[in-house]
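Read through the structure below, which is laid out as structure tokens, and then see the notes.
Number of protein chains: 2
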Amino acid sequence: SAQCDRCLNVTSLLCLKCTFCSLLSGVYEESNGTSRTAGMNGNGPSRLVDPLEDPLPGVGTYEDFNTIDWVREKSKDRDRHREITNKSRQSTVALLHSISDAFSGWLLMLLVGLMSGALAGGIDISAHWMTDVKGGLCLRGFWFNHEHCCWLSNETTFQERDRCPQWQSWAELITGKSEGPFAYIMNYLMYIFWALMFSFLAVILVRAFAPYACGSGIPEIKTILSGFIIRGYLGKWTLIIKTITLVLAVSSGLSLGKEGPLVHVACCCANILCHLFTKYRKNEAKRREVLSAAAAVGVSVAFGAPIGGVLFSLEEVSYYFPLKTLWRSFFAALVAAFTLRSINPFGNSRLVLFYVEFHTPWHLVELAPFILLGIFGGLWGALFIKANIAWCRLRKTTCLGHYPVIEVLVVAALTALLAYPNSYTRMSGSELISELFNDCSLLDSSQLCGYKQVNTGVDNSLADRPAGPGLYTALWQLALALVFKMMITVITFGMKVPSGLFIPSMAVGAIAGRLLGVGMEQLAYYNHDSVIFKGWCSQGADCITPGLYAMVGAAACLGGVTRMTVSLVVIMFELTGGLEYIVPLMAATMTSKWVADAFGREGIYEAHIRLNGYPFLEPKEEFEHSSLAVDVMRPRRMDPALAVLTQEGMTVGEVESTHFSGFPVVVSSESQRLVGFVLRRDLLISIDNARKRQDGIVSASQVVFTEHTPLLPPDAPPPLRLRCIMDLSPFTVTDHTPMDITVDIFRKLGLRQCLVTHNGRLLGIITKKDILKHMAQMANRDPDSILFN
Amino acid sequence: SAQCDRCLNVTSLLCLKCTFCSLLSGVYEESNGTSRTAGMNGNGPSRLVDPLEDPLPGVGTYEDFNTIDWVREKSKDRDRHREITNKSRQSTVALLHSISDAFSGWLLMLLVGLMSGALAGGIDISAHWMTDVKGGLCLRGFWFNHEHCCWLSNETTFQERDRCPQWQSWAELITGKSEGPFAYIMNYLMYIFWALMFSFLAVILVRAFAPYACGSGIPEIKTILSGFIIRGYLGKWTLIIKTITLVLAVSSGLSLGKEGPLVHVACCCANILCHLFTKYRKNEAKRREVLSAAAAVGVSVAFGAPIGGVLFSLEEVSYYFPLKTLWRSFFAALVAAFTLRSINPFGNSRLVLFYVEFHTPWHLVELAPFILLGIFGGLWGALFIKANIAWCRLRKTTCLGHYPVIEVLVVAALTALLAYPNSYTRMSGSELISELFNDCSLLDSSQLCGYKQVNTGVDNSLADRPAGPGLYTALWQLALALVFKMMITVITFGMKVPSGLFIPSMAVGAIAGRLLGVGMEQLAYYNHDSVIFKGWCSQGADCITPGLYAMVGAAACLGGVTRMTVSLVVIMFELTGGLEYIVPLMAATMTSKWVADAFGREGIYEAHIRLNGYPFLEPKEEFEHSSLAVDVMRPRRMDPALAVLTQEGMTVGEVESTHFSGFPVVVSSESQRLVGFVLRRDLLISIDNARKRQDGIVSASQVVFTEHTPLLPPDAPPPLRLRCIMDLSPFTVTDHTPMDITVDIFRKLGLRQCLVTHNGRLLGIITKKDILKHMAQMANRDPDSILFN
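Chains as they are written, first to last, in my numbering: chain A, 1 to 789; chain B, 1001 to 1789.
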């Protein structure tokens, strides 16, 4: 159905979980009995407990697609911690338990780091091999990739390390010919065949086993970290399928990267490993601390940048990031980077994806082109977000969304068809970036280094030289590659395969940067006496490094798309290891952010969150309107009064017949003085349980929330005391509280709902969804686009 | 008086502001009329305004030594922003104003960066010169320092660059002799003379002009950033005097560093520059955002580590650190680092204080000594904190505190006397660390590189060699220096001169590390066939880098004292520029933190905050007890009921005769239903103003907080309407709210007070001071040690 399609990006495909959409909607809509039972099943066989003594299984848990209550979760954890600390004074076993509990967080981090590092290593190696398989096979053993195959060969010189007899292209393998138009077409066809094969496998696997495995996963992880529940999004099936399909998708040559999905993979690892420790298994807030750290691990292994990873998690992904999590993230990120280094997937014992070393410092004049790149990055970022969101919306609302497999195959075929003839699009995204970042030395045989040799008399192998025909060809090809990448990335991101955005964005920026860099270099070479270059760029000197421009461009474009700043600069700085280039990078990313923000303040991830209607309260944006709590709360002026429970006098039957998912409890309906707050889910579970275990609980039994049992007529059935499931400290604000303060409270404390009072009397309720709807309304957007609670 | 001495570390000296101590104490103690008037004077000539239309000058400001209300401040700023945005649609001037307002934050950051960088450069250059003046003078011009003096000389070779005829020691200058025991004694005496001179000047200047300029300033800045007001702590006099005395103190040879005080200097710059922008001048919360960034700038210029500075501010100093501040801090830190580099105080165009380059990777086995260094650092950190706090307490409680000048002179004399004979203590702290970090090459003439030359046949200039007699002497001297530094730092930190802790702590760690490193090197050299070293450390190889051990030791000791982790590792990593050594550094700092935490969870700054009784709610520590809000709130069970105002019916006279500094306003004293909260300061200012400007306001006039004017008898004086100064959205919690949640709310929202209700009726109030007192009580500390509100 149409409503179902809007529900969740991934489910719109398979509609496996579509039933959920209509069932779950929050405090003001009816909650559903079956999902409640399903929620209870997870806790194993129910024990025979006194309902007043011990929390019932199911009480205090959440339904799928619901928001958690951070305050309650953290309070629960502190209670648990307090209990363990108190017990630890009594016996040695309890003391040991307390110590092991204290260190379980660090142990978990170690395991997350090890597992994610190992998985990332595996993904890197397989993706490398499979990307090469599109071109040919190694005769020495099909499991060697091109580079490895030729390294083992003694016959090749350093110059020709790309070509060795052991590595045969498909044309050579099938027809025995390696040259000529027929071989070219043969290779071309095989390239397209493998691209289709890999992408078909990827999309089929995702469809069949784990619909959540598609996309980059970062928007959903942001939402989950902000306190939302999506069951199975970080489960073992998602992990397995995402790992496999990520390799397939990357190898298929589609314009996507593996960096974003690696964050998802690391979070899956963390979530699965959380099940080993009670502390994290049972507490949604504690688990989110681990997931924040896992996001850092993901970036750490993606780029080999542990500090950048931690800052990425802090700046971009996390919602609640206490200092403890900072330390643990850093530890986990280091462990992961270390594990990855031990696996050594790039075969050069470098931790980082793009290791570059530049030899020339930059000059202040160069800030102008760097800022130009920043403007380009910002413009492209804003344009990309608009175009991609429009395309994704089209996919959701038209029949295009019904044929995801065909969509992927068509895009893969198109990509392969257009990419093969151009050597810069044929190579994988990370190879391309690596080549663009590289500084040309005299020995370099790459086309990008096709300069004319001039004898300047000065023995400087890195001096600026005039461009030769090879370089001109390369520039043309790069310009074509730029247009191609810009187009194809827009339609690729959001398809039903795992797809990251980092590499394609960086590739676009790197191409633009390199083009500008070579332009500047030639300008400097031919005009070294002009005003601009005089004084710092004499003839025969190496003053412009086009590789640096590529790096700055890559940072600018990635910054424009994701709106990262500090973390991006740190990642870039860890990639190159040079503190010297922080200023150019910073100038470009800040410009890029400012320019992109002028067109719309959302980054790509926030835009996708909004597209999917997740309840995400953006922590970066200030609430700018002057509304008061009374304008946002329910009930509205004309609505019937707020549904409340009284602390005594209501019967079980009356309580059961209600249909909101949470109720304030008041002293009496006349005074409207607030006592507490109770969730319908907890109420129903408790009543259900009481009916089974407690004698005499019938529909006419009184439900009592007071401390003392009220005096009842002698013939009345025994009362049901439910004070224990009531939240005695509900959050309240007054009706005059400005909404900016209320939003701040919701954000900082992670509330789910808040009650509104006037002069001490209960007036209404504000839920997170109400706030998001109000914000949507204020921004002239459809308030019904917020789907979940 | 004794109470006055406890009041504030710095004021205990001069007791200039001692009158404040007894006057200011918060919601439950009497506030004072004179300080109120003083507060009003700051706002210039009072305007003739309608008291109901426009906020009065003085309403909404704070008294000295009081806690700010973050929520109110941030709300005020959002109102201001909203107004500017609304106006910007009306005219071009307003639009320009709106744009300049949006960019004023960035401009301010730029200015802070430039000013702090310039000041830091000046401090570096002057301190360098004055440190050298203790030894002699340059004949070429007295303004040259030793290094610079000899650089200009053509007569010296590279080997003898320390000695040149132009640089003459005092003995040479006075007696003409440069050798012999007499010259030695002459130089010794001059060294002591200058040390006494400099330290005397430093302490006298601090006493006379700016008592707040003493110490490192970080504890106070932490407190200020958490929302406390100390007027003048970041003022222009403090800046001027701190800058001058910092140079004097560092040059006097005392065991102190300039890194902590540079944070204070940067914060002073930021505070002063804030006055240029209305947005920041008038808003305490916004100003604290700038100060957070300034803390980052301070560390950035101290170590040349911009990223480390930002993380230091985030991890160690700041309280409220939104992402916006992160970006701005980073920007300001970069600008400052760049400015410093342009000034080039070290004369080597390096940004960083200790630039080192190691050539050998570390081996996994070496983790054992690194962890050992971590344990040493942790133990030393814990011991240092205990000893230093005990010494500072002694200074406060005994007559020692009455003679700060003599104390400084005695310590300076003692330091100079003991330090001169040992060349490692004679040199400045940063030179020592620099030398210890340094890797020995064959050319190195330093005593630390006094290895025996062996011919291993392998041409490796860095190979491990056996220690020679020079090295053994150096080791002995280092061991003595270690003991000396450990002792003298304890009594130096906390004296009435500007004193940082970073350099002395690092020096202790670096010495310990170097000793262990040389030990390991010799062990490896003589036992390279043993199980431990076999396989990675063959003869003639360079496997152990003692400089790396010094670096790890420095990080461990600094970590033990300050409990920094991530920021410390990043600073260290920025110092060396090598990603390779993150793991050893991390292992050592984490071990150090764990070991030190086992002895007490407070770092040195928190310990000093507690010693001074500042109201600081530690954001890192969890509240571990199971108290409820009702246990902490005032009034206590036996106390008289809470003083409240009713929304109508009270007269001006009744209101004026109250003596608490804040009042909840209720509907009526019977119902106790809460309407709002009003501060006595605002009340008195408004009444004062109304008496002057409004006709007929007498003591019998009714004070009215309702929206409508109540019906009054015809002969009654006109009522005074004060709804506009009432906070209509006071924070409330129920009496059943666990204190851990309440503490969380206070921390995250930055509250000053919170009202407690029971079933909708007002029951009591909790202030930040109440919480801190409760926490002190729970930890078996004296609750009266919390002095301020």
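Even for Gly, the Cβ is constructed at its ideal location relative to N, Cα and C.
Segment limits, alpha helix (DSSP H) that includes residue i
| i | result |
| --- | --- |
| valine 1356 of chain B | Looking at the DSSP string, valine 1356 of chain B is not in any alpha helix (DSSP H), and its letter there is neither H nor E. |
| cysteine 1214 of chain B | Unbroken run through cysteine 1214 of chain B: none, as it is neither H nor E. |
| arginine 231 of chain A | That residue, arginine 231 of chain A, is in no alpha helix (DSSP H); it is neither H nor E in DSSP. |
| proline 404 of chain A | 404-419 |
| glutamine 1777 of chain B | 1768-1778 |
| phenylalanine 1303 of chain B | 1284-1303 |
| valine 1583 of chain B | 1582-1599 |
| cysteine 1267 of chain B | 1259-1274 |
| glutamine 1477 of chain B | 1469-1492 |
| threonine 1251 of chain B | Checking the displayed sequence, the identity of residue 1251 of chain B turns out to be serine instead of threonine. It spans 1236-1251 - the alpha helix (DSSP H) in which serine 1251 of chain B sits, taken as one unbroken run. |
Beta strand (DSSP E) segment containing residue i, residue limits
| i | result |
| --- | --- |
| histidine 1081 of chain B | Histidine 1081 of chain B -> not in any beta strand (DSSP E); alpha helix (DSSP H) instead, spanning 1070-1088. |
| glycine 321 of chain A | According to the sequence as given, residue 321 of chain A is phenylalanine; it is not glycine. First-last for phenylalanine 321 of chain A: undefined, no H or E at that position. |
| threonine 1565 of chain B | Note, threonine 1565 of chain B: premise wrong, no beta strand (DSSP E); not H, not E. |
| phenylalanine 867 of chain A | Given that chain A is displayed from residue 1 to residue 789, the structure contains no residue 867 of chain A and the question cannot be resolved. |
| serine 91 of chain A | Here serine 91 of chain A belongs to no beta strand (DSSP E), and DSSP marks it neither H nor E. |
| cysteine 138 of chain A | 136-138 |
| threonine 1757 of chain B | 1753-1758 |
Cβ neighbours of residue i in the same chain (closer than 7 Å, five flanking residues each side left out)
| i | result |
| --- | --- |
| tryptophan 1237 of chain B | Phe1209 and Ala1210 |
| methionine 1392 of chain B | The amino acid occupying residue 1392 of chain B in the given sequence is cysteine; methionine does not appear at that position. Counting only Cβ-Cβ distances below 7 Å, and skipping sequence neighbours, we find Gly1494 and Leu1611. |
| tyrosine 855 of chain A | Residue 855 of chain A lies beyond the stretch modelled for chain A, which goes from 1 to 789, so this question has no answer here. |
| serine 1226 of chain B | Tyr1319, Phe1616 and Leu1617 |
Cβ-Cβ separation, residue j to residue i (assumed contact under 8 Å), whole Å
| i | j | result |
| --- | --- | --- |
| arginine 1140 of chain B | glutamine 1166 of chain B | 5 Å |
| methionine 1506 of chain B | isoleucine 1433 of chain B | 5 Å |
| glutamate 1656 of chain B | isoleucine 1687 of chain B | 6 Å |
| proline 1719 of chain B | leucine 1755 of chain B | Incorrect: roughly 25 Å between the Cβ atoms, too far for contact. |
| tryptophan 170 of chain A | methionine 190 of chain A | 4 Å |
| leucine 1201 of chain B | alanine 1412 of chain B | Wrong, their Cβ atoms sit about 11 Å apart, outside the cutoff. |
| serine 199 of chain A | valine 490 of chain A | Not really, about 17 Å apart at Cβ, beyond 8 Å. |
Residues near residue i in its chain [Cβ-Cβ closer than 6 Å; skip 5 each side]
| i | result |
| --- | --- |
| leucine 314 of chain A | Phe321 |
8 Å Cβ shell around residue i - same chain, five flanking residues per side excluded
| i | result |
| --- | --- |
| tyrosine 1614 of chain B | Pro1219, Glu1220, Thr1223, Phe1228, Leu1787 and Phe1788 |
| leucine 48 of chain A | Legend: pLDDT at leucine 48 of chain A = 35, less than 50; position of this residue unreliable, value from coordinates given subsequently. Excluding positions up to five away in sequence, the list reads Arg693. |
| leucine 110 of chain A | Phe331, Ala332 and Val335 |
contact_flag[the stretch 1286-1296 of chain B, the stretch 1264-1278 of chain B] where n(CB pairs < 8 Å) is 3 or more: yes
Where the stretch 1736-1765 of chain B meets chain A: residues whose CB sits under 8 Å from a CB there: His1736, Thr1737, Pro1738, Asp1740, Ile1741, Asp1744, Ile1745, Lys1748, Leu1749, Thr1757, Asn1759, Gly1760, Arg1761 and Leu1762
Contact the stretch 1515-1534 of chain B vs the stretch 1569-1586 of chain B: 3+ CB pairs below 8 Å: no
Where the stretch 356-381 of chain A meets chain B: residues whose CB sits under 8 Å from a CB there: none
Contact set between the stretch 710-736 of chain A and chain B, restricted to residues whose Cβ is under 7 Å from the partner: Answer in chain order: Leu728, Ser729, Thr732, Val733, Thr734 and His736.
Proximal residues, the stretch 1615-1631 of chain B versus chain A, C-beta separation under 7 Å: Lys1620, Glu1622, Glu1624 and Ser1626
Three CB pairs or more closer than 8 Å across the stretch 743-754 of chain A and the stretch 1760-1775 of chain B: no
Touch test, the stretch 535-547 of chain A against the stretch 620-627 of chain A, Cβ-Cβ under 8 Å, three pairs minimum: no
Proximal residues, the stretch 1313-1325 of chain B versus chain A, C-beta separation under 7 Å: Per Cβ criterion, the list reads Glu1315 and Leu1323.
Stretch-stretch touch, CB-based, cutoff 8 Å, three pairs: the stretch 1695-1715 of chain B with the stretch 1085-1092 of chain B: no
The stretch 728-744 of chain A touching the stretch 1069-1086 of chain B, judged by at least three CB pairs closer than 8 Å: By the Cβ criterion, the stretch 728-744 of chain A is in contact with the stretch 1069-1086 of chain B, since at least three pairs of Cβ atoms, one from each stretch, lie closer than 8 Å.
Near-chain B residues of the stretch 236-267 of chain A (beta-carbon distance less than 7 Å), N- to C-terminal order: none
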